Amino acid sequence: MDINFLENPQYYRDKFTEKFLMSWDEFQIVLREFIINMEKNNKTIFDINMFNDSHMWDKMHPDYPKVSFNEALECLKKIKGDVVFMSEDEKTHHYSFLRYNGIEYKNFVAKADANELAELIEKEWFESYILAEQNMYNPEEILPADLYVFDSTMSWFIVFTHETTDWESEIEEPMKAAASRYCIISNI
């Protein structure tokens, strides 16, 4: 897969954040019950520091549709041409790099063909579960575990997270758990 890194990645990160993520003030209103339950049930104060350290997808409005891994892949495969993609910010999530031609790129924003990217996302995700069953990992993995895919106008996005929605199956039926990768979409 040919990957082209965009200049000024912070510009795209800032625009994505502005368009698709809630601010701390909005988060406190929209997810008030979540914050209260964190303190009550987990004895954890969810403050601005915890908010800043959260994944970007945790800061997305809960109204964005959650879809299956397969649905997210199918949406991406329907797109013709290049898409833009990026990782989490390396400052808060240290394993958020892309490995390309032997070099690790942190805080990257890049472009690639939508279909080729979808194939790589699917291959690496399922391969990680197959290898984990053998107590192994893929040292050649290219993509980070959390991936944000969107068009250059930021009219839509697809998020592939590192989480599954069927984590109870991870021990007994890991491939079933893998198929339940937690994904979010918008306007696609």
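In this text, residue positions in the sequence shown follow the numbering used here: the first is 918, and each later residue adds one. Backbone N, C-alpha and C fix where the C-beta goes; we use that ideal spot for every residue, glycine too. Remember, predicted model here, so these are calculated numbers, not experimental data.
- Taking C-beta atoms as the reference points, residue 1037 and residue 918 count as a pair closer than 7 Å.
- Closest in alpha carbon position to residue 1081, among 1065, 1071, 1067, 1099, is 1099.
- Secondary structure of residue 931 (DSSP, three-state): helix.
- Straight-line spacing of the CA atoms in residue 925 and residue 933 works out to 13 Å.
- Counting along the chain, no alpha helix (DSSP H) covers residue 1064; the unbroken beta strand (DSSP E) around it starts and ends at 1064–1067.
- The Cβ atoms of residue 981 and residue 1088 lie no closer than 7 Å to each other.
- Three or more Cβ pairs closer than 8 Å define a contact, and the region 1042–1061 falls short of that threshold against the region 954–967.
- Counted as a single uninterrupted DSSP element, the alpha helix (DSSP H) harbouring residue 967 occupies residues 965–970.
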